[in-house]
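Notes for the one structure printed next.
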Amino acid sequence: MTESIKDISKRKKEHIDLCLTDNVSFKSKTSGFEKYEFIHNAITEVDLSKISFKTKLFSYNIDYPFLISCMTGGTSEAELINERLSNVAQNLKIPIGVGSQRQALENEKFHNSYKIIRKNASAVPVFGNIGAAQLVQSKDLNSILKLIDMLEADAFYIHLNPLQELIQKEGEPHFTGLLKKLEKLVNKSNVPIFIKEVGSGISKSAAIKLLEIGVKGIDVAGAGGTSWAGVEILRNKETQNPFWDWGLPTAYCLKEIYPLKKKFKFHLIGSGGINTANDLAVAFALGSDLVASARIILQTLIKNGEEDVTALIKGWFDYLKKVMFLTGSENLNELRKDKIIKKEFLF
Ligand SMILES: Cc1cc2nc3c(=O)[nH]c(=O)nc-3n(C[C@H](O)[C@H](O)[C@H](O)COP(=O)(O)O)c2cc1C
46 MTESIKDISK
56 RKKEHIDLCL
66 TDNVSFKSKT
76 SGFEKYEFIH
86 NAITEVDLSK
96 ISFKTKLFSY
106 NIDYPFLISC
116 MTGGTSEAEL
126 INERLSNVAQ
136 NLKIPIGVGS
146 QRQALENEKF
156 HNSYKIIRKN
166 ASAVPVFGNI
176 GAAQLVQSKD
186 LNSILKLIDM
196 LEADAFYIHL
206 NPLQELIQKE
216 GEPHFTGLLK
226 KLEKLVNKSN
236 VPIFIKEVGS
246 GISKSAAIKL
256 LEIGVKGIDV
266 AGAGGTSWAG
276 VEILRNKETQ
286 NPFWDWGLPT
296 AYCLKEIYPL
306 KKKFKFHLIG
316 SGGINTANDL
326 AVAFALGSDL
336 VASARIILQT
346 LIKNGEEDVT
356 ALIKGWFDYL
366 KKVMFLTGSE
376 NLNELRKDKI
386 IKKEFLF
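Note that my numbering numbers the sequence shown so that position 123 is 168, with each residue one more than the last.
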């Protein structure tokens with residue numbers, strides 16, 4: 046039975062509420078960032094005051110290589126959240142993604158809850174978003190291409206969420222023909238197509254297949270942060286489910302996929318459990334071009350407001366500057382060159 050628009054909106058609201066109130070983190074698995082130590086450089090020659098994170102993404106100048114991860118849209122509550130998140134993105138000059146545009150696909154009345162992001166964040170890159178299930182179901186891809194135009198997106202994310210579709214009671218775990226459809230979309234789209242998971246990570250072999258068909262960005266969205274199996278298990282009111290902690294830790298995904306940069310040109314995005322300044326710093330040292338967070342941003346916004354989200358992100362980058370000073374890294378490229386070690390190899 047197809048889910049009605051009303052039911053989808055209700056489900057989206059339940060997702061937001063659970064992400065704010067319940068513990069939907071991984072239970073025993075971590076993102077792996079805590080397993081690394083930075084290599085202290087006693088002869089650093091870096092001038093702390095000269096470190097800058099300003100860079101270019103697409104045709105935009107951005108101040109920090111940090112992305113507010115795709116989260117929401119399609120409800121009145123979502124519109125307000127998107128309005129506030131896009132204010133943060135515009136002020137900080139950082140990119141931002143919208144949540145799944147599925148409702149916009151089905152009813153124009155929901156367009157504003159997404160469009161508000163483009164309207165408010167006019168000076169930064171905006172990413173559109175739809176799920177793999179909707180891509181597979183789309184006959185000629187025109188409806189998907191319309192979503193890109195509607196948002197005036199600079200790039201478009203397809204989220205791969207097989208685990209979530211599997212556990213969700215309304216889920217659609219039917220992915221036959223996914224890679225072929227993706228390839229068609231890559232060829233038809235005027236903007237770069239990026240791929241993300243939602244918390245189970247992307248393996249090296251999956252990344253190779255995606256890059257071979259022309260995908261321009263891989264956002265690993267690995268395990269260790271928000272468990273989307275966990276969210277759906279709580280919605281189902283199940284007491285036990287062995288898949289709560291399923292997935293590849295974010296640090297592992299980055300370590301595996303970063304070397305593919307020698308062969309393919311793509312943006313690598315480190316996300317999934319980026320909840321502290323040190324998580325962010327290790328994610329860059331493991332090769333991320335951009336780092337992204339979702340749930341902690343939403344929680345901070347709802348509990349403390351836009352200013353605190355801004356302060357959180359700025360604080361993380363202040364810490365990163367200090368790490369770069371202490372490891373002798375003048376810029377992020379240098380930080381990516383052997384500046385960390387697995388703690389188990391220290392002595
Ligand atoms: C409330 C909420 C809604 C989300 N909705 C979407 C979505 O619509 N599309 C998507 O690609 N990812 C969605 N995500 C997943 C995040 O983008 C991210 O990949 C995942 O939560 C892992 O990051 P985190 O550990 O920083 O939360 C959502 C996350 C949250 C917290």
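Heads up, the beta-carbon is just placed ideally off N, CA and C, and yes, glycines get one too.
- Take A198, set aside five residues on each side of it, and the residues of its chain with a beta-carbon closer than 7 Å to its own are V171, F172, G173, V236, in chain order.
- In this structure the segment 148-167 does not touch the segment 90-107; the number of beta carbon pairs closer than 8 Å is below three.
- Remark: fewer than three beta-carbon pairs, one from each stretch, lie closer than 8 Å, so the segment 337-350 and the segment 79-88 are not flagged as touching.
- DSSP places N106 outside any alpha helix (DSSP H); the residue lies instead in the beta strand (DSSP E), whose first and last residues are 105-107.
- DSSP places F362 within a helical segment (H, G or I) once states are collapsed to three.
- Looking at the DSSP output, D264 bridges to K241, I314.
- Scanning the segment 324-349 from its first residue to its last, the whole alpha helix (DSSP H) runs of 4-plus residues come out as 340-349.
- Set against 7 Å, the gap from the CB of R129 to the closest heavy atom of ligand 1 is not smaller.
- Straight-line spacing of the CA atoms in L230 and A200 works out to 12 Å.
- Relative to ligand 1, R56 has its C-beta separated by 7 Å or more from all heavy atoms.
- I84 sits in coil when the DSSP states are folded into three classes, being neither helix nor strand.
- Where K160 is concerned, there is no enclosing beta strand (DSSP E), although the alpha helix (DSSP H) around it starts and stops at 156-165.
- Around E48, the same chain offers R56, E215 as residues with beta carbons nearer than 8 Å, after the five sequence neighbours per side are excluded.
- Take F98, set aside five residues on each side of it, and the residues of its chain with a beta-carbon closer than 7 Å to its own are D108, Y109, P110, F362, in chain order.
- According to the DSSP assignment, L190 belongs to the alpha helix (DSSP H) that extends over 187-196.
- Proximity to H204 across F83, E351, I240, L380 peaks at I240, based on C-alpha coordinates.
- Put simply, of E79, S131, M195 the residue whose alpha carbon is nearest the alpha carbon of F155 is M195.
- In the DSSP assignment, no residue is bridged to I302.
- Short note on G262: C-beta not closer than 7 Å to any heavy atom of ligand 1.
- Under the three-state reduction of DSSP, T271 is assigned to strand.
- Secondary structure at I53: helix, using DSSP grouped into helix, strand and coil.
- A heavy atom of ligand 1 is found nearer than 7 Å to the CB of L343.
- Pairwise C-beta distances place the segment 277-294 out of contact with the segment 345-353, as fewer than three of them are shorter than 8 Å.
- Rounded to the nearest whole angstrom, the C-alpha separation of A177 and I385 is 35 Å.
- Look at A178 here: in three-state DSSP terms it is helix.
- Between I247 and I302, the beta carbon gap of about 7 Å places them in contact (Cβ cut-off 8 Å).
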